[in-house]
Amino acid sequence: DTAVSQTPKYLVTQMGNDKSIKCEQNLGHDTMYWYKQDSKKFLKIMFSYNNKELIINETVPNRFSPKSPDKAHLNLHINSLELGDSAVYFCASSQVGYRSSYEQYFGPGTRLTVT
Amino acid sequence: KQEVTQIPAALSVPEGENLVLNCSFTDSAIYNLQWFRQDPGKGLTSLLLIQSSQREQTSGRLNASLDKSSGRSTLYIAASQPGDSATYLCAVGGQGAQKLVFGQGTRLTINP
Numbered sequence: 222d223t224a225v226s227q228t229p230k231y232l233v234t235q236m237g238n239d240k241s242i243k244c245e246q247n248l249g250h251d252t253m254y255w256y257k258q259d260s261k262k263f264l265k266i267m268f269s270y271n272n273k274e275l276i277i278n279e280t281v282p283n284r285f286s287p288k289s290p291d292k293a294h295l296n297l298h299i300n301s302l303e304l305g306d307s308a309v310y311f312c313a314s315s316q317v318g319y320r321s322s323y324e325q326y327f328g329p330g331t332r333l334t335v336t
Numbered sequence: 086k087q088e089v090t091q092i093p094a095a096l097s098v099p100e101g102e103n104l105v106l107n108c109s110f111t112d113s114a115i116y117n118l119q120w121f122r123q124d125p126g127k128g129l130t131s132l133l134l135i136q137s138s139q140r141e142q143t144s145g146r147l148n149a150s151l152d153k154s155s156g157r158s159t160l161y162i163a164a165s166q167p168g169d170s171a172t173y174l175c176a177v178g179g180q181g182a183q184k185l186v187f188g189q190g191t192r193l194t195i196n197p
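Heads up: the protein sequence lines correspond to chains A and B, in order. When we follow our numbering, the leftmost residue of the first sequence carries the number 222, and every step to the right adds one. When we follow our numbering, the leftmost residue of the second sequence carries the number 86, and every step to the right adds one.
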């Protein structure tokens with residue numbers, strides 16, 4: 222069983238389009254994240270949700286809107302895609318709180334290419 | 086603002102050698118430190134997690150150490166194998182927020 226899964230794996234689209242990336246975790250974790258890995262392979266956090274509540278929003282353009290329908294899912298919707306949005310987007314999850322390790326588990330990534 | 090640096094950016098060694106990867110961070114007020122492995126075109130695989138109260142963690146041929154006061158961590162790989170070739174990423178978890186701050190990684194190549 223895949224612990225953290227993302228769909229789609231690859232996404233090619235044109236500038237100006239709106240697209241969504243889905244993430245699901247079956248680890249029973251209460252916190253989920255979105256990270257962006259740019260062309261230089263640098264990974265940076267975008268958002269974090271704890272029990273469906275947004276707790277981290279790292280100065281990401283408001284064209285990016287995360288949505289968490291339940292603890293096991295965190296989707297990322299991107300409006301009006303720009304060339305600079307081309308990157309690999311990783312979803313991750315962890316269990317936080319007392320006696321939790323906070324260890325983060327990552328999904329396989331979604332490679333977004335905007336043309 | 087936490088900054089994480091990994092040196093060297095790339096490392097190539099012959100098979101069988103022991104090696105050390107370095108990670109340094111600017112803010113010692115961390116919750117934990119996690120080492121990951123990333124294969125080309127793949128996701129991140131967690132290798133070791135060290136809590137701020139710990140000095141080291143071991144898993145098989147891997148040993149990670151943490152010195153909070155000096156802002157340093159090392160990943161020691163014993164008896165390296167070609168299958169160890171990958172990019173190794175160090176990430177620091179800050180107190181309060183759960184976000185990880187990543188270094189740029191060390192690209193490791195083990196030559197048969």
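Built from N, CA and C at the ideal position, the CB exists for glycine as well.
How is the beta strand (DSSP E) around residue 241 of chain A delimited, first residue to last? 240-246
Identify whether residue 290 of chain A lies in helix, strand or coil by the three-state DSSP scheme. DSSP places residue 290 of chain A in strand when its eight states are reduced to three.
Compute the distance between the beta-carbons of residue 111 of chain B and residue 145 of chain B, then report whether it is under 8 Å. For residue 111 of chain B and residue 145 of chain B, no; Cβs fall outside 8 Å.
Can you tell me whether DSSP reads residue 178 of chain B as helix, strand or coil? strand
Would you say residue 281 of chain A reaches chain B, if we count a Cβ-Cβ gap shorter than 8 Å as a contact? no
Return helix, strand or coil for residue 304 of chain A, following the three-state DSSP convention. helix
Chain A within 8 Å of residue 116 of chain B, Cβ atoms only: Residue contact check for residue 116 of chain B against chain A: a CB pair falls below 8 Å.
List the endpoints of the continuous beta strand (DSSP E) containing residue 274 of chain A. 274-278
From B:167, B:188 and B:136, pick the residue whose C-alpha is nearest to that of residue 264 of chain A; which is it? Minimum Cα-Cα distance from residue 264 of chain A among the listed residues B:167, B:188 and B:136 corresponds to B:188.
So is residue 167 of chain B buried or exposed if we call it buried at 16+ other beta carbons inside 10 Å? exposed
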